[in-house]
């Protein structure tokens, strides 16, 4: 019980999800406990020892500009209430120019640097706005939300979860270097693979920043196992999501890593090794080339997971309960190589951001007798704003979350 309680307490070295005005970011609290948000520097020492999901007020440090400390507060203190004193019926009398705000940019910056609270700054903006009372109720709410986001001095620290991490990584996507997985797509992948907490799963992944690994490890029990297969030809981003979940060492050991090349090489183990060449006297150019190659190899290794010998042996001696492939390259050959490692009547799921890639493999697998129940689908999800007299879909969302190809591996003749 004590260990469970400690998991909900913020400590040095923990990863956190920080929310400031609906802007979320992943941050690891270091020994110095310093967070930089734009030009602001925030001291997080007051949060250490506090429970997750606590809200804090940013208190300006008088001796330093744009430096803040944290003061824990309750929900009633967080709710900013501004008096609107009525509203207009429409915005037709409002002229969109810079003359509607009497406060200049320099005056607003001076208020910020003088240590004025965010709520007071917003109140000053309302007092000096010539058009605020003419705005409709909806326009006033949007205006207040925009100004609160810019000048608000509260933040909330959440315990990392798969849902929050998925949202953060999705909004921080840098295509084509990373794969943007929406949480509904991630949920569909876990559903299609029929995830069993005590099962053994193969995952070929690159580009999702460890999101799939974190989601699978989070669902597996102590007797479950995950083998992460990566391509040795592509640089592997750090497993950011796995680190952000603050998993224990025991949980991390449930994931084994293996290079795809090593799996392919197991088919050629019986080949006779090449005879050693006679010892040659190295010349200067050969020595330089050797050092250059070694240096390049070391640089590349820093970007890849460490291959586990146990993982390769585990693959050779076991059959798996599911296969997940999430990658940026064309996956047909990878899937053909990894399918025989599945137990019979076990599912496989392939994700791609492009339909054409999966259409090709779908047509090829339709001709095979060892795969059945083939499905090619895409997800459509859209947020809806539900407010009085202004309920409508969110018009700024992406139109799709990628495509999924799934099926079952069975006994049969190709």
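Residue numbers (UniProt numbering): 1 to 414.
C-beta atoms are modelled at their ideal positions from N, C-alpha and C, and glycine is treated no differently.
For residue 299, which residues in the same chain have their Cβ closer than 7 Å to its Cβ, ignoring the five residues on either side in sequence? Stepping through the chain shown from its first residue, residue 299 is reached at position 299. Here residue 299 scores only 39 on pLDDT, less than 50, and its place in the model is too uncertain to base an answer on.
Under DSSP, the alpha helix (DSSP H) around residue 163 begins and ends at which residues? Locating residue 163 in the chain shown gives position 163, counting from the first residue. Taken as a continuous stretch (DSSP letters only), the alpha helix (DSSP H) holding residue 163 covers 162-171.
Three-state secondary structure (DSSP) of residue 98: One-based indexing of the chain shown puts residue 98 at position 98. Three-state DSSP puts residue 98 in coil, outside helix and strand.
Cβ neighbour criterion (16 or more within 10 Å) applied to residue 331: For the purposes of this step, residue 331 is identified with residue 331 of the chain shown, where counting begins at 1. Buried, because 16 or more other Cβ atoms sit within 10 Å of the Cβ of residue 331.
Cβ shell of residue 349 (< 8 Å), same chain only, five flanking positions each side left out: The residue given as residue 349 occupies position 349 in the chain shown. Taking residue 349 as the centre and dropping the five residues before and after it, the same chain places the C-beta of 189, 192, 193, 322, 323, 324, 325, 404, 405, 406 closer than 8 Å to its C-beta, in chain order.
Would you mind sorting residue 60 into buried or exposed? The rule is 16 or more other CB atoms within 10 Å of its CB. For the purposes of this step, residue 60 is taken as residue 60 along the chain shown, with counting starting at 1. Residue 60 comes out buried.
Can you tell me which residues form a DSSP beta bridge with residue 252? Taking the first residue of the chain shown as 1, we reach residue 252 at position 252. Bridge partners of residue 252: none, in fact.
In the DSSP assignment, find the beta strand (DSSP E) that holds residue 20 and state where it starts and stops. The residue labelled residue 20 in the question sits at position 20 within the chain shown. First-last of the beta strand (DSSP E) with residue 20: 15-20.
If distances are taken between C-alpha atoms only, which option among 161, 211, 226 comes closest to residue 181? Within the chain shown, the letter at position 181 stands for residue 181. The shortest Cα separation from residue 181 among 161, 211, 226 belongs to 211.
In three-state terms, what does DSSP make of residue 301? The sequence position of residue 301 within the chain shown is 301, counting from 1. Model confidence at residue 301 stands at a pLDDT of 46, short of 50, so the residue's coordinates are unreliable and nothing is read from them.
For residue 371, does the count of other Cβ atoms within 10 angstroms reach 16, so buried, or fall short, so exposed? Locating residue 371 in the chain shown gives position 371, where the first residue counts as 1. Per the 10 Å Cβ criterion, buried.
Nearest-angstrom Cα distance between residue 161 and residue 187? The residue labelled residue 161 in the question sits at position 161 within the chain shown. The residue labelled residue 187 in the question sits at position 187 within the chain shown. Spanning the two alpha carbons is a distance of roughly 14 Å.
To which residues of the same chain is residue 12 closer than 8 Å at the C-beta, ignoring the five residues directly before and after it? In the chain shown, counting from the first residue as 1, residue 12 sits at position 12. The residues are 29, 30, 31, 33, 48.
To which residues of the same chain is residue 418 closer than 6 Å at the C-beta, ignoring the five residues directly before and after it? Here the chain has residues from 1 to 414 only, and residue 418 is not among them.
Could you tell me whether the stretch 359-367 touches the stretch 240-248, where touching means 3 or more Cβ pairs closer than 8 Å? Flag = no, the stretch 359-367 and the stretch 240-248 do not touch.
DSSP beta-bridge partners for residue 73? Residue 73 sits at position 73 when you count from the first residue of the chain shown. DSSP output for residue 73 lists 55 as bridge partner(s).
What residue from 21, 373, 132, 70 has the CA that sits closest to residue 409's CA? Taking the first residue of the chain shown as 1, we reach residue 409 at position 409. The candidate whose alpha carbon is nearest that of residue 409 is 373.
For the pair the stretch 114-126 and the stretch 148-162, tell me if three or more CB-CB distances fall below 8 Å. Three or more Cβ pairs drawn from the stretch 114-126 and the stretch 148-162 lie within less than 8 Å of each other, which places the two stretches in contact.
Any idea what DSSP makes of residue 205, helix, strand or coil? By one-based count along the chain shown, residue 205 stands at place 205. Strand at residue 205.
Would you kindly work out how many angstroms separate the C-alpha atoms of residue 22 and residue 157, rounded to a whole number? Here the question's residue 22 lines up with position 22 in the chain shown. Here the question's residue 157 lines up with position 157 in the chain shown. In a straight line, the C-alpha of residue 22 is about 12 Å away from that of residue 157.
My output table needs one value for residue 48: the three-state DSSP class, helix, strand or coil. Taking the first residue of the chain shown as 1, we reach residue 48 at position 48. Reduced to three states, the DSSP call for residue 48 is coil.
Enumerate in chain order the residues of its own chain whose CB-to-CB distance from residue 390 is below 6 Å, with the five nearest sequence positions on each side excluded. Walking along the chain shown from the start, residue 390 turns up at place 390. In its chain, beyond the 5 residues on either side, 138 have a beta carbon closer than 6 Å to the beta carbon of residue 390.
Within the continuous beta strand (DSSP E) that includes residue 227, where are the two ends? Along the chain shown, read from residue 1 onward, the residue named residue 227 stands at position 227. 225-230 is the span of the beta strand (DSSP E), which, as asked, contains residue 227.
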